[in-house]
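Numbering (our numbering), first residue to last: 962 to 1420. Glycine included, C-beta positions come from ideal geometry on N, C-alpha and C. Working notes, beginning with the structure itself.
Written as structure tokens, this is what we have:
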């Protein structure tokens, strides 16, 4: 996932997880296990009951790099503080920039690589391995992964059959958040299909509120919009083919998805600030302007993942009451379930670095951050009760219940030059399409040209 968290995918159907997610967000599906219902302890983000054995590392010093900022960074530092407390090691957080592979490359060239980096794309893990930077996980970390993660989550951290990544943070990227008061005033209902979404948008528009905020200044939310429409409309098999560039971006399935997106992106009056305003709207603002302004916010809905809650927390809106959420509607036969995530990868092998990877693979680490909100873990042994509100608990429950039935963010699977670089590749091409949603063929041609260059093939 990009700067907000990436931020997951395997080669299986999405129907099961879509049904689970829809039920979960209706606050009805997937009752918790006995383990889930155990008291998760202090809800202030303090220490958890220890389930993982860590070595004493007095005198050791680690640097950990990630692109996280704001509350995400602050909350992760509390996890690192618990690791320090248990081991005696000292850990320094190093703020990184997108694209993180370029950032790490400059650090490595200068002889100062961080010990561990949180990489927001499977493509970045492969690049780190191919460049000889990444070190395989040791037996202790591998053991924690085997005990705590579904096979699909283990597999996307592998390169060439070896385990390199610990997926510490997950994202459910198939959610649309809405201002409950605006929907109520408009008589709009939570949509289950794309046509329902257009109907709800019209009702909201007729009530005097612009339907959507779109974070066009950041390219990555635009890729996520596309991926949800494409996965639902073209299906998981085509999704996997496009993710690997086994079909071209000039394929008719891409044309169909872009044409569908243009039903919203092409309506200037449906976007806060129109297309030009959307292209100047950064992700945090796209969220906050949906939940400020009383009955007349700048928009009624904003699409993005579960991590939106961090930004909603900066407003007076309360998640579950003022700010509600529904699964991304079905464009085709099944609603999409797209995930993202951040994986811890060791760049400087040491006892301390391996211990940190082991800790991040344990329920102990994830439970600390789960309590703080705006975070989702793919670790199936994190108590669901750790999450701070009913909406977050149900999203977490649905993710774990889905097992291997999900698709990882397509742009995060791509080479970073195409799927993960601001102002270039897919990010820029979709920004250009948002600017001119009538030019579907032109957008396809640009996407294919950039993809072919990045993947090193012609499709």
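How is residue i classed by DSSP in three states: helix, strand or coil?
i: residue 1286; result: strand
i: residue 969; result: Note that residue 969 has pLDDT 33, beneath the 50 cutoff, so the model's placement of it is unreliable and no number is given.
i: residue 1268; result: coil
i: residue 1219; result: helix
i: residue 1138; result: strand
i: residue 1028; result: coil
i: residue 1478; result: Coverage of the chain is limited to positions 962 through 1420, which leaves residue 1478 absent and any answer about it impossible.
i: residue 1386; result: helix
i: residue 1100; result: helix
i: residue 1184; result: helix
i: residue 1207; result: coil
i: residue 1421; result: Because the chain spans 962 through 1420 in this model, residue 1421 falls outside it and cannot be assessed.
i: residue 1256; result: coil
i: residue 1294; result: coil
i: residue 1454; result: It is not possible to answer for residue 1454, since the shown part of the chain is limited to 962 through 1420.
i: residue 1144; result: helix
i: residue 1304; result: strand
i: residue 1251; result: coil
i: residue 1424; result: Outside the shown range of the chain (962 to 1420) lies residue 1424, about which nothing can therefore be said.
i: residue 1367; result: coil
i: residue 1015; result: coil
i: residue 1240; result: coil
CA-CA distance, residue i and residue j?
i: residue 1404; j: residue 1343; result: 42 Å
i: residue 1048; j: residue 1325; result: 14 Å
i: residue 1251; j: residue 1241; result: 15 Å
i: residue 1021; j: residue 1034; result: 22 Å
i: residue 1076; j: residue 1106; result: 20 Å
i: residue 1207; j: residue 1011; result: 45 Å
i: residue 1151; j: residue 1125; result: 40 Å
i: residue 1203; j: residue 1189; result: 13 Å
i: residue 1281; j: residue 1350; result: 8 Å
i: residue 940; j: residue 1062; result: A query on residue 940 cannot be resolved here, the shown segment of the chain reaching from 962 to 1420 and no further.
i: residue 1288; j: residue 1308; result: 37 Å
i: residue 1160; j: residue 1291; result: 14 Å
i: residue 1414; j: residue 1015; result: 45 Å
i: residue 1181; j: residue 1332; result: 27 Å
i: residue 1336; j: residue 1402; result: 38 Å
i: residue 1407; j: residue 1083; result: 23 Å
i: residue 1412; j: residue 1067; result: 25 Å
Contact defined as beta carbons within less than 8 Å: I believe residue i pairs with residue j. What is the distance between those atoms, to the nearest angstrom?
i: residue 1146; j: residue 1256; result: 6 Å
i: residue 1219; j: residue 1379; result: Their Cβ separation, rounded to whole angstroms, is 17 Å, which puts residue 1219 and residue 1379 out of contact at 8 Å.
i: residue 1070; j: residue 1064; result: Not confirmed; about 11 Å, so no contact.
i: residue 1263; j: residue 1174; result: 5 Å
i: residue 1133; j: residue 1300; result: 6 Å
i: residue 1143; j: residue 1295; result: With a Cβ gap of about 28 Å, residue 1143 and residue 1295 do not count as contacting.
i: residue 1347; j: residue 1328; result: 5 Å
i: residue 1153; j: residue 1120; result: Their Cβ separation, rounded to whole angstroms, is 38 Å, which puts residue 1153 and residue 1120 out of contact at 8 Å.
Check each candidate in the options and name the one with the smallest Cα separation from residue i.
i: residue 1353; options: 1025, 1406, 1224, 1279; result: 1279
i: residue 1410; options: 1209, 1239, 1225; result: 1209
i: residue 1118; options: 1273, 1412, 1221, 1085; result: 1085
i: residue 1249; options: 1237, 1232, 1271; result: 1271
i: residue 1130; options: 1304, 1417, 1053; result: 1304
i: residue 1314; options: 1230, 1036, 1024; result: 1024
i: residue 923; options: 1094, 1217, 1288, 1019; result: Residue 923 falls outside the range modelled here, since the chain spans only 962 to 1420, and no answer is possible.
i: residue 1050; options: 1316, 1322, 1357, 1184; result: 1316
i: residue 1032; options: 1245, 1281, 1018; result: 1245
i: residue 1398; options: 1302, 1237, 1089, 1196; result: 1237
i: residue 1334; options: 1269, 1108, 1017; result: 1269
i: residue 1095; options: 1103, 1123, 1108; result: 1123
i: residue 1340; options: 1017, 1013, 1078, 1128; result: 1128
i: residue 1258; options: 1037, 1171, 1286; result: 1171
i: residue 1364; options: 1059, 1115, 1101; result: 1115
i: residue 1229; options: 1166, 1285, 1306; result: 1166
i: residue 1377; options: 1390, 1243, 1081; result: 1081
Using 7 Å as the limit for Cβ to Cβ distance, is residue i near chain C?
i: residue 1381; result: The chain inventory of the structure shown lacks chain C, comprising one protein chain alone.
Can you tell me whether residue i sits near the ligand PLP, meaning its C-beta is under 6 Å from at least one heavy atom of the ligand?
i: residue 1048; result: Because no ligand of any kind appears in the structure shown, any question about the ligand PLP cannot be addressed here.
Taking only runs that begin and end inside the stretch 1308-1351, name each unbroken alpha helix (DSSP H) of 4 or more residues, in chain order. Runs found: 1312-1321, 1324-1331.
Threshold first: 4 residues or longer. Then list the alpha helix (DSSP H) segments lying entirely within the stretch 1041-1123, N to C. Counting only runs of 4 or more, we get 1061-1070, 1083-1091, 1100-1109, 1112-1116.
Could you pull out every unbroken alpha helix (DSSP H) segment of at least 4 residues lying fully inside the stretch 1145-1177, listed in chain order? Listed in chain order, the complete alpha helix (DSSP H) runs (minimum 4 residues) inside the stretch 1145-1177 are 1155-1167.
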